[in-house]
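Using our numbering, the letters of the sequence shown map in sequence onto residues 2 to 432.
Working notes, structure below.
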Amino acid sequence: MTTETTLTPLQNADRIQSLDVMRGIVLFGILLMNINGFGLARAYDDPTVSGGSEGWDLITWITTNLFFEGTMRGLFSLLFGVGMFVLLDRLEKRGAGIEAANIYFRRLSWMLVFGLIHGYLLLWVGEILYNYALMGFLLYSFRNLAPKKLIIIATILFSLGALWTYSDYKNNVKLASQVEEIKVYKAQGKELTKELTEADQKWQKREAERSAEGVLEHNNNMHKGYFDVVTFLVPINNEFNMHDTFRYDLWDVLSMMLLGIAFFKLKILTAEKSYRFYLTMVLIGYGIGLSVNYYEIKTIIDSNFSFLGFSKSYLTYDLGRVTVSLGHIGMIMLLCKSPILIWLKIRLAAVGKMALTNYIMHSIICMIVFTGVGFGLFGKLQRHELLYVVFSIWIFQLILSPIWLKYFHFGPLEWGWRYLSYLKKYPFKKQ
2 MTTETTLTPL QNADRIQSLD VMRGIVLFGI LLMNINGFGL ARAYDDPTVS GGSEGWDLIT
62 WITTNLFFEG TMRGLFSLLF GVGMFVLLDR LEKRGAGIEA ANIYFRRLSW MLVFGLIHGY
122 LLLWVGEILY NYALMGFLLY SFRNLAPKKL IIIATILFSL GALWTYSDYK NNVKLASQVE
182 EIKVYKAQGK ELTKELTEAD QKWQKREAER SAEGVLEHNN NMHKGYFDVV TFLVPINNEF
242 NMHDTFRYDL WDVLSMMLLG IAFFKLKILT AEKSYRFYLT MVLIGYGIGL SVNYYEIKTI
302 IDSNFSFLGF SKSYLTYDLG RVTVSLGHIG MIMLLCKSPI LIWLKIRLAA VGKMALTNYI
362 MHSIICMIVF TGVGFGLFGK LQRHELLYVV FSIWIFQLIL SPIWLKYFHF GPLEWGWRYL
422 SYLKKYPFKK Q
């Protein structure tokens with residue numbers, strides 16, 4: 002029979018440093034991408050909508066899309082899968098039995114609640130914790146599969162996502178053709194068919210959101226008081242939680258979680274492989290991935306950031322983001338194995354140990370910086386100027402996290418999450 006003291010959260014002595022370092026780096030990369038959603042209207046993908054698309058703004062867009070788009074989210078999903086596997090594996094090895102499942106699902110249920118609070122009340126429409134919780138429920142059944150099977154299932158999911166994306170592309174080609182047909186109908190004064198009317202409404206809605214007036218209206222709403230901003234973002238959050246969860250999570254989130262467990266079982270994520278192995282990951286991952294991403298960027302720019310240019314670039318999206326992610330993993334593991342930059346790795350590991358607290362902190366800081374709750378800078382900074390905010394938060398958390406962990410066992414949200422998961426209070430402040 003399992004004693005109560007056996008079932009405890011992961012202690013510092015049991016932590017895997019390479020995972021904490023990687024978690025810290027990825028958390029910073031997540032902010033690098035999310036800052037566009039925090040500070041600009043509808044400009045996460047398309048720089049021509051707001052934030053600037055020339056000079057340093059264009060260079061910033063190209064650089065982030067080449068190296069970071071999709072990869073940071075993917076690695077965050079990968080690390081989440083590893084974390085949930087490690088949790089269950091520890092509990093089951095200690096004879097927790099059914100209590101291991103209780104803790105696991107309580108942990109995910111509270112994460113789902115945190116995600117809804119984060120999205121709706123902390124004003125971040127790019128919230129991902131909600132999606133992780135939903136995919137985590139599915140992850141439970143796959144955890145004990147062999148690495149080969151996990152990789153095969155992940156590959157199948159990627160393929161299904163690619164097929165859906167191809168279907169979307171064909172529909173977008175049809176829509177673009179209908180838009181041209183609508184112009185002819187209107188020029189000739191002819192009445193639109195039902196199908197063309199629906200296409201026209203869809204296109205007009207898109208154009209209205211992207212127009213200067215639409216961006217200005219979005220900016221003005223984000224400059225209002227807290228409850229007004231909450232109300233304004235509710236339909237956007239609803240769309241994200243309902244449509245995007247259904248459309249993307251299985252092949253965007255769950256697939257990477259499965260890869261994470263497979264790579265952990267293969268000891269790739271614990272820096273136990275050789276320098277040659279990780280260097281090969283870097284060369285192959287970056288060689289394929291950066292080539293694919295460059296092709297996508299060139300496709301978009303050559304089309305003058307057109308609707309179909311973006312749609313065509315998405316056809317190879319997963320191939321690019323997954324292979325670049327492999328390159329990132331290899332590079333991070335090389336850093337972890339090497340004797341250089343020890344001071345930086347210690348600080349990055351501290352950021353990683355407090356990943357949930359630091360992730361939510363991003364939203365709180367950005368809410369104060371960008372919305373009417375604080376300084377109201379939403380829409381007032383160019384894309385490259387948003388990097389000043391990113392670098393400031395990076396430096397702040399690199400300084401704060403090690404200091405906090407000098408006096409406390411966990412970050413405040415990590416401690417609360419553990420309490421809600423295990424239904425027991427654990428020491429918070431170090432003696």
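Heads up, the beta-carbon is just placed ideally off N, CA and C, and yes, glycines get one too.
- The beta carbons of Ile400 and Ile366 sit no closer together than 8 Å.
- Of the candidates Gly328, Asn238, Phe392 and Phe376, Asn238 places its Cα closest to the Cα of Leu117.
- Around the C-beta of Ser275, fewer than 16 other C-beta atoms lie within 10 Å, and the residue is accordingly described as exposed.
- In the structure shown, the three-state DSSP call for Phe409 is strand.
- The C-alpha of Glu208 lies about 17 Å from the C-alpha of Lys175.
- Taking a cut-off of 8 Å for Cβ pairs, the segment 356–376 and the segment 334–344 do not touch, as fewer than three such pairs fall below it.
- Collapsing the DSSP output to three states places Lys274 in coil.
- Per DSSP, the unbroken alpha helix (DSSP H) holding Thr358 starts and ends at Ala356 to Phe371.
- Spatial neighbours of Ile289 in its own chain (CB-CB distance under 6 Å, excluding positions within 5 residues in sequence) are listed in chain order as Thr324.
- DSSP places His329 in the uninterrupted alpha helix (DSSP H) bounded by Tyr318 to Lys338.
- Beta-bridge partners assigned by DSSP to Lys430: Phe409.
- Comparing C-alpha distances from Ser314 to each of Ser326, Leu327, Val231 and Lys299 shows the shortest one belongs to Lys299.
- Per DSSP, the continuous alpha helix (DSSP H) segment holding Phe115 begins and ends at Ile99 to Tyr121.
- Within the model, the alpha-carbon separation for Ser256 versus Lys94 is close to 26 Å.
- When secondary structure is reduced to three states using DSSP, Pro48 falls in the coil class, being assigned neither helix nor strand.
- Nearest C-alpha to Arg108 among Met136, Pro48 and Phe376: Met136.
- Contact check for Ser326 against Gly75 passes: the beta carbons are separated by less than 8 Å.
- Residue state for Trp57 is assigned as helix, using DSSP reduced to three classes.
- Distance from Arg348 to Pro403 at the Cβ level is roughly 5 Å; contact confirmed, criterion being Cβ atoms closer than 8 Å.
- By the neighbour-count definition (other C-beta atoms within 10 Å, threshold 16), Leu234 is a buried residue.
- Burial is judged here by how many other beta carbons sit within 10 angstroms of a residue's own beta carbon; Asp245 has fewer than 16 and is exposed.
- In the three-state reduction of the DSSP assignment, Gly380 falls in the coil class.
- The C-alpha of Phe29 lies about 49 Å from the C-alpha of Val185.
- Note on geometry: alpha-carbon atoms of Phe411 and Ser78 lie some 21 Å from one another.
- Taking C-alpha positions only, Phe247 is separated from Trp344 by approximately 42 Å.
- Here the C-alpha atom of Glu297 lies approximately 47 Å from the C-alpha atom of Tyr408.
- Of all alpha-carbon atoms in Leu113, Phe392, Trp57 and Tyr141, the one lying nearest the alpha-carbon of Leu130 is that of Leu113.
- The C-beta distance from Ile154 to Leu259 rounds to 6 Å, short enough to fall under 8 Å.
- At a Cβ-Cβ threshold of 8 Å, Leu357 and Trp418 count as neighbours.
- The beta-carbon separation of Leu309 and Ala177, rounded to 5 Å, stays under the 8 Å limit for a contact.
- Judged by their CB atoms, Thr271 and Ser19 are nearer to each other than the 8 Å cut-off.
- Here Asp319 really is in contact with Ala163; their C-beta atoms are around 6 Å apart, less than 8 Å.
- Annotated as proximal: Val390 and Val370, with beta-carbon spacing under 8 Å.
- From the listed residues Met85, Glu273 and Lys187, the smallest Cα separation to Asn145 is found for Met85.
- Counting of Cβ neighbours within 10 angstroms places Trp62 among the buried residues, the total reaching 16 or more.
- The C-beta of Thr232 has fewer than 16 other C-beta atoms within 10 Å across all chains shown, which makes the residue exposed.
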